[in-house]
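Asks: A single structure is presented below for examination.
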Amino acid sequence: MLGYGYGTLCDELNRLGRIYPFLHVEVIGESVMGKGIPALRIGQGARELHVNAAIHANEWITTPLVMQFVEDLACSYARGTAWQGRNTRRLLSEYSLWVVPMVNPDGVELVLNGIGPDHPYQANLLELNGDQPDFSSWKANIRGVDLNDQFPAHWEEEAERRGQLGPGPRDYGGETPLSEPETAALARFTECHPFELVVALHTQGREIYWNYRGYEPPESESFADQLAVVSGYEAVKLTDSDAGYKDWFIQQFRRPGFTVELGYGVNPLPVEAFAELYGEIVPILLTALDLQTVNR
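Be aware that the sequence shown starts at 132, since it is given in my numbering, and climbs by one per residue.
Encoded structure:
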């Protein structure tokens with residue numbers, strides 16, 4: 132796996148749909164460049180949970196990680212076999228897990244493939260990147276807006292803290308909250324579903340952020356501690372950070388939301404880290420699926 136871009140994601144969604152017809156895929160919106168943003172549902176339960184990945188372009192490895200999780204979960208469900216001691220048929224009869232595996236497809240393609248002379252944003256992107264052709268560290272979407280600084284949760288304060296006055300590779304929150312089609316689509320999608328819990332996958336740091344300005348429900352801290360125990364990560368009470376997806380979800384719905392920073396290193400994490408990262412993400416997501424049941 133040299134890279135996992137948008138085309139690979141679409142191929143994998145088609146392949147999994149043929150193997151496991153109980154998977155449901157829909158498009159929740161489009162990127163700036165018109166790429167459909169897919170969401171995948173596994174499970175038939177009335178209770179709904181959500182995981183998203185690759186909101187930051189150079190954290191693209193979160194996409195194949197969550198897609199491998201979906202495939203292994205589907206396989207366990209289809210065969211009726213337990214996975215790490217959990218009865219997946221029971222879980223998926225009670226829950227539906229909705230996954231948005233690549234929130235920022237234009238940005239991921241930029242990180243993986245760079246820009247050629249025919250790229251419609253070539254001149255602008257080169258200027259924003261300091262005339263450097265290497266876009267491997269780019270976090271933002273194709274317009275230079277950092278999608279995880281885009282949500283209406285004390286957005287103005289985050290913009291002032293970041294001090295990024297215009298588009299660039301990272302940290303610019305846009306002219307207004309939800310100005311970008313990718314974040315607007317994710318917000319609409321979230322508002323249309325009664326998600327009991329959400330997980331936003333990022334890299335790196337081996338940390339789990341669980342709070343937001345006291346808006347989180349009382350169980351959030353104990354949930355984060357459980358995720359930390361199974362993964363070896365640290366549950367962190369974060370301050371001085373706003374406008375992220377997790378922040379907005381907690382503020383808007385007063386339900387548990389988590390940002391999981393996978394692995395250690397410099398983004399983008401190398402593909403050689405995939406197996407180790409997958410060993411960490413599986414217990415996190417399986418436990419997240421079971422948290423509300425175990426703790427009711």
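Where a beta carbon is used, it is the ideal one built from N, C-alpha and C, also for glycine.
(1) Report all residues from its chain with a CB closer than 8 Å to the CB of Ala290; omit the five preceding and five following residues, and keep chain order.
(2) Which term fits Glu157, buried or exposed, when burial requires 16 or more other beta carbons within 10 angstroms of its beta carbon?
(3) Could you give the first and the last residue of the continuous alpha helix (DSSP H) run that contains Glu288?
(4) Below 9 Å between beta carbons: does that hold for Leu256 and Leu241?
(5) Looking at the structure shown, is Asn342 part of a helix, part of a strand, or coil, going by DSSP?
(6) Using a Cβ-Cβ cutoff of less than 6 Å, which residues in the same chain neighbour Ala184 once the five nearest sequence positions on both sides are dropped?
(7) Quick one: which unbroken alpha helix (DSSP H) runs of 4-plus residues sit fully inside the region 237-288? Chain order, please.
(8) In three-state terms, what does DSSP make of Val163?
(9) Less than 9 Å between the C-beta atoms of His181 and Val230, yes or no?
(10) Tell me which same chain residues have a C-beta within less than 6 Å of the C-beta of Glu411, skipping the five on either side of it?
(11) Could you name the residues that DSSP lists as bridge partners for Ile192?
(12) Straight-line CA distance for Thr370 to Glu322?
(13) Under 8 Å by Cβ, that's how I've got Leu140 and Ile173 pegged, so tell me the actual separation to the nearest angstrom.
Replies: So, to answer that:
(1) Here residue 290 is taken as the residue at index 159 of the sequence shown, counted from 1. Cβ within range, chain order: Asp280, Gly304, Ala374.
(2) Numbered from its first residue, the sequence shown carries residue 157 at position 26. Burial call: exposed.
(3) As a first step, residue 288 is located in the sequence shown; it is residue number 157 there, counting from the start. 286-293 is the span of the alpha helix (DSSP H), which, as asked, contains Glu288.
(4) In the sequence shown, residue 256 corresponds to position 125, counting from 1. In the sequence shown, residue 241 corresponds to position 110, counting from 1. Closer than 9 Å, so yes.
(5) By 1-based counting over the sequence shown, the position of residue 342 is 211. Residue state, collapsed to three classes: coil.
(6) In the sequence shown, residue 184 corresponds to position 53, counting from 1. Excluding sequence neighbours, Ala184 sits near Thr193, Thr194, Val197, Pro232, Leu332.
(7) Here the runs fully enclosed are 253-259.
(8) Counted from its first residue, the sequence shown places residue 163 at position 32. Coil, per DSSP.
(9) Position 50 of the sequence shown, counted from the start, is the residue given in the question as residue 181. Position 99 of the sequence shown, counted from the start, is the residue given in the question as residue 230. Result yes, Cβ atoms of His181 and Val230 sit closer than 9 Å.
(10) What you label residue 411 is simply residue 280 of the sequence shown in a count that begins at 1. If we look at Glu411 and ignore the five residues flanking it on each side, its Cβ neighbours are Ser362.
(11) Taking the first residue of the sequence shown as position 1, residue 192 is located at position 61. Answer by DSSP bridge pairing: none, since Ile192 is not bridged.
(12) Counting from 1 along the sequence shown, the entry for residue 370 is found at position 239. Counting from 1 along the sequence shown, the entry for residue 322 is found at position 191. If you take the alpha carbons of Thr370 and Glu322, they lie about 25 Å apart.
(13) By one-based count along the sequence shown, residue 140 stands at place 9. By one-based count along the sequence shown, residue 173 stands at place 42. Rounded, the Cβ-Cβ distance is 16 Å, inconsistent with contact.
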